[in-house]
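Reviewing the structure listed below.
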Amino acid sequence: MKIIKAIIFLILVSATNAIAQTDSIAANTDTSYWDKGGLININFSQVDLTNWNGGGKSSISIGGLSNFKANYEKGKNAWSNRLDLAYGLLRQGENENPFIKTDDNIILTSRYSRQLKKRIFISGMVDFRTQFDEGLNEENEVISRFLAPGFLLANIGLTYRYKEIFSASFSPLSSKTTIVTDDSLSNAGAYGVEIGETTRFQGGINFSSSFQKDIWENVNLSTNLNMFADYEKLGNIDINWETALIFKINSFLSASYSTQLIYDDDIKSKEIVINEALGEFRYVPGIQFKSVMNIGLNIKLPY
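What the sequence shown shows, in mature numbering (1 follows the signal peptide of the UniProt record, and there is no 0), is residues -20 to -1, 1 to 283, in sequence order.
Printed below as a string of structure tokens:
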């Protein structure tokens, strides 16, 4: 455990130092080395049924996606920053029925890279993920909320980049910090923390890759894969794989289809029945999968 903490300390200090160096570089340069921008997508749908013989329920849904970037590049130095936000609500049936959450993400990523060869970089990356609102299970029990969980990844390694289309990183020095600030979840040992603890530190190995390209006119494909393996359990690999197809309809309308696959050995999301007659069951790690289709209004934010 002391070795793992030392590795984590080294990673965090090195990553902080890399960002500080980049700040110093950027402070004394022309702003033309920055590439900044943002995109906000808002979608809304409503179905209203009155005495409808075909059956069904009235429904209303609203959601929003947004991403913001601030990237700096000069010479051999590159610093990329990205913030992705998503939130969605759905209500079915009567107006008195509560809204339920359909989407909820906060993802902040910062990576500093220094070029070694034409397409090879040494890089340090910090990735933080959590959510805005509480999440409920089918029994209306709170199973998640802001910073419960939160995940902080930090790593140092080598990155291969091909233009702005593809990149892959291997980080033998990597850490994953799981945060659970909700007392009831912490006391239950949720998300892999020790019972009563609010954080869990893991040192390990990380591999990540990303691909983004216009595959047809007005159709963009992006996919991001992240894999983490704890030094103490190298056979258990945590996976987060996100893919999105964005279809541009015109200057202010677009459609998107996105998927996310997650496997985390510390998250018990799959129910296994032990004895159905006695109502005995237990939860084990399972593959989580989400798909979202949106058609909505785009607001592009140039800087």
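All residues carry an ideal CB built from backbone N, CA and C; glycine is no exception.
Computed from a predicted structure; not experimentally measured.
Rounding to the nearest angstrom, what Cα-Cα distance links residue i and residue j in this structure?
| i | j | result |
| --- | --- | --- |
| leucine 132 | serine 234 | 32 Å |
| isoleucine 22 | glutamate 212 | 43 Å |
| isoleucine 275 | phenylalanine 269 | 21 Å |
| glutamine 192 | serine 166 | 38 Å |
| serine 238 | asparagine 200 | 12 Å |
| asparagine 210 | aspartate 246 | Contrary to the premise, residue 210 reads as aspartate rather than asparagine in this sequence. If I take the Cα positions, the gap works out to 11 Å. |
| leucine 277 | glycine 215 | 44 Å |
| lysine 26 | isoleucine 40 | According to the sequence displayed, residue 26 carries glutamine and not lysine. Near 4 Å, if we compare the C-alpha coordinates of isoleucine 40 and glutamine 26. |
| asparagine 85 | phenylalanine 112 | 7 Å |
| alanine 50 | isoleucine 87 | 14 Å |
| serine 202 | isoleucine 226 | 9 Å |
| aspartate 194 | lysine 228 | 11 Å |
| isoleucine 267 | threonine 223 | 16 Å |
| aspartate 163 | threonine 110 | 17 Å |
| residue 284 | threonine 30 | The requested residue 284 does not occur in the structure, where the chain is confined to residues -20 to 283. |
| lysine 97 | phenylalanine 150 | 16 Å |
| serine 46 | glutamate 197 | 22 Å |
| alanine 170 | glutamine 182 | 16 Å |
| alanine 168 | isoleucine 123 | 10 Å |
| tyrosine 13 | glutamate 144 | 16 Å |
| glutamine 95 | lysine 56 | 5 Å |
| lysine 280 | glycine 44 | 14 Å |
| asparagine 33 | methionine 273 | 28 Å |
| threonine 82 | arginine 99 | 40 Å |
| leucine 153 | alanine 66 | 30 Å |
| threonine 158 | arginine 125 | 13 Å |
Considering only residues of the same chain and omitting the five flanking positions on each side of residue i, which have a CB-CB separation below 6 Å?
| i | result |
| --- | --- |
| leucine 205 | Ser189 and Trp221 |
| alanine 6 | In this prediction, alanine 6 scores a pLDDT of 48, lower than 50, which makes its location untrustworthy; the coordinate-derived value is nonetheless stated afterwards. Once the five neighbours on either side are set aside, the close Cβ partners of alanine 6 are Tyr52. |
| phenylalanine 208 | Lys156, Gly184, Asn186 and Asp218 |
| phenylalanine 48 | Gly18 and Leu63 |
| asparagine 80 | The question names asparagine, but residue 80 in the sequence shown is isoleucine. So the qualifying residues of the chain are Leu70. |
| serine 161 | According to the sequence shown, residue 161 is threonine rather than serine. Taken in chain order, the residues that qualify are Leu127, Ala128 and Thr178. |
| aspartate 15 | Asn51 |
| leucine 241 | Trp221 and Phe269 |
Who are the Cβ neighbours of residue i in its own chain at under 8 Å, not counting the five residues just before and after it?
| i | result |
| --- | --- |
| aspartate 28 | Ser38 |
| asparagine 230 | none |
| isoleucine 102 | Ser93, Arg94, Leu96, Ile136, Gly137, Leu138 and Thr139 |
What does DSSP give as the partner residues of residue i in its beta bridges?
| i | result |
| --- | --- |
| tyrosine 52 | Trp14 and Trp59 |
| tryptophan 221 | Leu205 and Leu241 |
| glutamine 26 | Ile40 |
| glycine 68 | Gly43 and Asp83 |
| glycine 115 | Ser124 |
| valine 173 | Looking at the DSSP assignment, valine 173 forms no beta bridge with any residue, so it has no partner. |
| lysine 156 | Leu133 and Gln182 |
| leucine 233 | Leu277 |
| lysine 228 | Ser234 |
| leucine 88 | Leu63 and Phe108 |
| arginine 94 | Asn57 and Ile102 |
| asparagine 167 | Asparagine 167 is not bridged to any residue. |
If we cut at 8 Å on Cβ distances, does residue i have a partner in chain D?
| i | result |
| --- | --- |
| aspartate 83 | Checking the listed chains, one finds no chain D in this structure; it contains a single protein chain. |
Could you name the residues of the same chain whose beta carbon sits closer than 7 Å to that of residue i, not counting the 5 residues immediately before and after it, in chain order?
| i | result |
| --- | --- |
| lysine 248 | Tyr263, Val264 and Pro265 |
Unbroken beta strand (DSSP E) runs of length 3 or more, entirely within the segment 177 to 210: which are they? 179 to 196 and 199 to 210
Looking at C-beta atoms only, is the number of pairs between the segment 114 to 123 and the segment 67 to 75 that lie closer than 8 Å three or more? no
Pairing CB atoms from the segment 90 to 107 with CB atoms from the segment 48 to 64, are three or more of them under 8 Å? yes
Give the list of continuous beta strand (DSSP E) stretches no shorter than 3 residues that lie fully inside the segment 123 to 149. 130 to 142
Between the segment 137 to 144 and the segment 159 to 179, do three or more beta carbon pairs fall short of 8 Å? no
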